[in-house]
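Protein chains in written order, with the numbering used here: chain A, 1 to 259; chain B, 1 to 259; chain C, 1 to 259; chain D, 1 to 259.
Where a beta carbon is used, it is the ideal one built from N, C-alpha and C, also for glycine.
All remarks here apply to the structure that follows.
4 protein chains.
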Amino acid sequence: MDLGIKGRWAILSGSSRGLGWACAQSIAREGANVVINGRTSADVDEAVAQLTSLYRVEARGVVGDSAMASVQDELMSACPEPDIVLLNGQGPSPKAFLDIESEDWDSAVRQALTGPLALLQRVVPGMRDRGFGRIVAVSSAMVKSPNSLMSLSHGTRLGLTGVLKGLSKDLAKYNVTVNQLLPERFDTARQEQMAHVAMKILGITYEEARAQQIASIKAGRLGRPEEFGDAFAFLCAAQAGYISGQNLQLDGGSYEGVF
Amino acid sequence: MDLGIKGRWAILSGSSRGLGWACAQSIAREGANVVINGRTSADVDEAVAQLTSLYRVEARGVVGDSAMASVQDELMSACPEPDIVLLNGQGPSPKAFLDIESEDWDSAVRQALTGPLALLQRVVPGMRDRGFGRIVAVSSAMVKSPNSLMSLSHGTRLGLTGVLKGLSKDLAKYNVTVNQLLPERFDTARQEQMAHVAMKILGITYEEARAQQIASIKAGRLGRPEEFGDAFAFLCAAQAGYISGQNLQLDGGSYEGVF
Amino acid sequence: MDLGIKGRWAILSGSSRGLGWACAQSIAREGANVVINGRTSADVDEAVAQLTSLYRVEARGVVGDSAMASVQDELMSACPEPDIVLLNGQGPSPKAFLDIESEDWDSAVRQALTGPLALLQRVVPGMRDRGFGRIVAVSSAMVKSPNSLMSLSHGTRLGLTGVLKGLSKDLAKYNVTVNQLLPERFDTARQEQMAHVAMKILGITYEEARAQQIASIKAGRLGRPEEFGDAFAFLCAAQAGYISGQNLQLDGGSYEGVF
Amino acid sequence: MDLGIKGRWAILSGSSRGLGWACAQSIAREGANVVINGRTSADVDEAVAQLTSLYRVEARGVVGDSAMASVQDELMSACPEPDIVLLNGQGPSPKAFLDIESEDWDSAVRQALTGPLALLQRVVPGMRDRGFGRIVAVSSAMVKSPNSLMSLSHGTRLGLTGVLKGLSKDLAKYNVTVNQLLPERFDTARQEQMAHVAMKILGITYEEARAQQIASIKAGRLGRPEEFGDAFAFLCAAQAGYISGQNLQLDGGSYEGVF
């Protein structure tokens, strides 16, 4: 299937590893040029090198926390007219509701709500003017099925979900779509990290923690990052311009609710 | 993007025209063999001929109402081991709630609920045994945003939505996914028909009726059938096995609700 | 709290036992006159006798299946101008999806979808003309969280949910509200019956079956029928005229989804 | 209907005027003692005086912004063991998405997300220990139906919605319920203010602005604050302990979505 994005430019925050990296690979394979972003220059450089060696695309790298204004400056310098934007960032660690402190909220809000929205304020006017835009945020299954241990995550990501939905209504007529992907348990470093959290909290072995992760998924397996990347690529396609304001769950069929 | 469905077999109910026909084209282009189904042999024959001339796939035709047991017998004979099933059928005409009669319900229930489910009862055991299945139903935006004039439509399609969701939970572990596509105003004969209904009910011209359709869509245009077909193709992809129980709206960003 | 329904008349289908009976008691206590309906005259007569002895209200009884036209004739004769209507009926038994037969659907559709809607077609015009109506359906938690074993239940009740939502939009301006209550595990004969089903299917004792029911509820207990009745009474209140199209879950906080 | 809350104590943030004041009146009428909170001592004093003269309850007043730690200290001093907590605060003004600044978010997050949650962290342990709690937040219809002009509102209130849902799951077993009320256009000073915003933005008269507000509501009227107050009172009732994690819309039947 030709996705019609050859030669498009993408700013991909949080794309040097994990799900973001899978997204980068999927659209580079389809011919899109990308700006890779991550916390360390080693990761970013390697990602850029891999993409340019594997695919006939341009790739640039920006190191740093994409929620920061200075890093957003660099992202925009690297790609002043993005057609595609991926909003992705590290989620907060689990924390019991009663233990959450004011600083935890400050950090989570900046990472998951105000940082990403500030980036959108920079890119939306141009997308609107140019008549093409594909904005996709990596959210979490938690936003539809909250668990109090992850309050910092869904407490901010649900806010983002709402703002993006409102925005999607305004932008549809400019062929600018805004969607979210809601992953639940993909086989990335994040799940490794969550397994170690579970080992500590529950006093279980690594194998037990991983088995619990799999048992929580109706598909009976973790998701593969490339499955995630290809779903992202599809939402970026030229022919996906009629799909907006959606929250697509990639969770192995695990969500309980009908909608 | 390689969807990994080359050589797969698909039973596509209601696929000789409109959205179903677009679905057929999209997966045939990706190399899937298809059984075309429609109400008239002229349409079915032409669709089969087009597909086999355009793509290197096998195509067979079954004429008749796919909600009928005898037609389902023929569909299963034409393709005893389907990998992909599209549930698609003509929706009922608008009717004021107080005017709906018992026979209207009988017909709508058979077309949109019990007929499609009877077909699934035939195909699910085999998909489960073979470890691959992609079931997609064409539903309607109405199921999330009901309008009493379309009670016959969402009164049955929401029922189907629920049954498919329950089923999706059972089948995820067999790599059998069950999803729905929710179109809102695609440029097909259905919208032509709805425009003529609106002309009668509201006493407006054809042009006004079409303009009203477009005005109801936030994207400011009707959807193109091939956009629908490609979304269907993506949900049928090998790499879409982690996506199940979803109701993907293709509505130009028009749905009001956050979820 | 004065609910402002003293002297109002209510048709309560399925109200001689269980949750329906609790609804009857709650509004009779508030001074509403009621028509009791149930399958056996013994139950209906006793319910009528209890209400008239306990409260200063009129109570009448109609025996029979409220989904039948003849019984609906009697209900309307007993109360030609109802202000309140409760839609309640026995749910179908659990059945594996692949075992469901055409006749199962016929029966479930009549009981849970077309029967209740036929009753509404009788009462809605009068409510609209009189400028007051409170329509409440007893649905099930399953409609938001389907389980394939209960396909006959949510496959029909979700359809009803949709039709009622559409209808609620039309009727709001006449001070006619339409809402649903979604119970999950109340301490009634229904749960006794479900426990016996579980004993057979799972090979467990009665005590284990009951413990499993309680374990499935986040509140750690079954609901009390009078809690259900009072929620119904509140939705019937004069001051509840601004609440319509709602699906209120009474499930001890068990539903996973955010909406 | 006896709500069973006579003698209970309630902390009601934002309760000297508007919807919060209606909530205070409704539960004071049912015999609950209340702590009134508002921005000016004139309002708070008058509210306290009215309640104590009208009902046989104790009422205390705390002046100040309830999102501030110091004001929360005073609220807890005035009522160390609350049985009922109302989370209510002034919503932010409408603002175009591209004009929102970092400081706008800081303020909105504090008012609608972190401030209310900090208050909950103070009251939840006691409610849990005492085995009774009724937490109700006044949210907005926007959380289910976002409009980009109100991004500051739903961008924070949806976050709160998620955190409260997660929390509700943990607290159900302690007879502590957590619910939200979602008002849409009640006849309070807030709608006066919104009318003046509309006059400026749209260049319309006051009468036109008010007519537009009414036209947006399917019930054809604004809600009455006392309707809101009584819905709050019902959720606080002893017999509402099985209702938790709900988002009850009070919107005159206006919400489009089925759930």
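query                                                                                                                           : result
Cutoff 8 Å: D:Asn-147 Cβ touching any chain A Cβ                                                                                : yes
Reference C:Val-62, options C:Ser-53, C:Arg-56 and C:Glu-46, closest by Cα                                                      : C:Glu-46
Cβ neighbours of C:Leu-113 in the same chain (closer than 6 Å, five flanking residues each side left out)                       : Thr-156, Gly-159 and Leu-160
Helix, strand or coil at C:Ala-238 according to DSSP, with G and I counted as helix                                             : helix
Distance between A:Gln-246 and B:Gly-252 (C-alpha atoms, nearest Å)                                                             : 10 Å
Enclosing alpha helix (DSSP H) for A:Pro-92 [first to last residue]                                                             : Careful: A:Pro-92 lies outside any alpha helix (DSSP H) and carries neither H nor E.
Any chain A beta carbon closer than 8 Å to C:Glu-256                                                                            : yes
Straight-line Cα distance separating A:Ala-67 from D:Gly-18                                                                     : 38 Å
Minimum Cβ-Cβ distance from A:Leu-167 to chain D less than 8 Å                                                                  : yes
B:Gly-38 - containing beta strand (DSSP E), residue span                                                                        : 33 to 38
Spatial distance of A:Ser-139 from B:Arg-128 (CA atoms)                                                                         : 31 Å
Proximity to A:Ala-231 [Cα-Cα], best of B:Gly-223, B:Arg-185 and B:Ser-244                                                      : B:Ser-244
Residues bridged to B:Asn-147 [DSSP beta-bridge criterion]                                                                      : None; B:Asn-147 has no bridge partner.
Inter-residue CB distance, B:Pro-183 and B:Leu-250 (contact presumed, cutoff 8 Å)                                               : 5 Å
Nearest candidate by alpha-carbon position, reference C:Gly-241, set C:Arg-122, C:Leu-202, C:Asn-175 and C:Gln-212              : C:Asn-175
Rounded Cβ spacing between D:Gln-336 and A:Leu-98 (contact assumed at less than 8 Å)                                            : This structure gives no information on residue 336 of chain D, because the portion of chain D shown stretches from 1 to 259.
Contact list for C:Lys-144 against chain A, beta-carbon separation under 7 Å                                                    : Gly-257 and Val-258
B:Phe-132 at chain C interface by Cβ criterion, 8 Å                                                                             : no
Beta-carbon proximity list for D:Arg-210, same chain, < 7 Å, skipping 5 on both sides                                           : Ala-195
DSSP-derived helix/strand/coil call for A:Leu-98                                                                                : helix
Contact set between the region 113 to 124 of chain D and chain A, restricted to residues whose Cβ is under 9 Å from the partner : Leu-113, Thr-114, Leu-117, Ala-118, Leu-120, Gln-121 and Val-124
Between the CA atoms of D:Val-44 and C:Gly-86 - distance to the nearest angstrom                                                : The amino acid occupying residue 86 of chain C in the given sequence is Leu; Gly does not appear at that position. Spanning the two alpha carbons is a distance of roughly 42 Å.
Residues that C:Gly-159 contacts on chain B, provided the C-beta gap is smaller than 7 Å                                        : Gly-155, Thr-156, Leu-158 and Gly-159
C-beta neighbour in chain D for A:Phe-97, strict 8 Å                                                                            : yes
Cut-off 8 Å between Cβ atoms - residues of its own chain near A:Ala-108, not counting five sequence neighbours on either side   : Pro-92, Leu-152, Ser-153, Gly-155 and Thr-156
Cβ-based neighbour list, A:Met-1, same chain, cut-off 7 Å, excluding 5 preceding and 5 following                                : none
Residue environment, B:Glu-81, which counts as buried when at least 16 other CB atoms sit within 10 Å                           : exposed
Within-8 Å CB hit, D:Asn-33 to chain C                                                                                          : no
Given B:Val-143 as reference, the closest of D:Ile-217, D:Ala-96 and D:Phe-259 once Cα atoms are compared                       : D:Phe-259
In DSSP terms, what B:Leu-250 is bridged to                                                                                     : B:Pro-183
Delimiting residues of the alpha helix (DSSP H) encompassing D:Val-44                                                           : 41 to 54
Reduced DSSP secondary structure (H/G/I, E/B, other) of B:Thr-156                                                               : helix
Residues of the region 19 to 32 of chain B whose Cβ lies closer than 9 Å to any Cβ of chain A, in chain order                   : Ser-26, Arg-29 and Glu-30
Sub-8 Å separation of D:Ala-24 and D:Ser-13 beta-carbons                                                                        : no
Beta-carbon proximity list for A:Trp-9, same chain, < 6 Å, skipping 5 on both sides                                             : Asn-33, Cys-79, Pro-82 and Asp-83
Interface positions of the region 239 to 256 of chain C facing chain D (Cβ-Cβ less than 9 Å), listed along the chain            : Gln-239, Ala-240, Gly-241, Tyr-242, Ile-243, Ser-244, Gly-245, Gln-246, Asn-247, Leu-248, Gln-249, Leu-250, Asp-251, Gly-252, Gly-253, Ser-254, Tyr-255 and Glu-256
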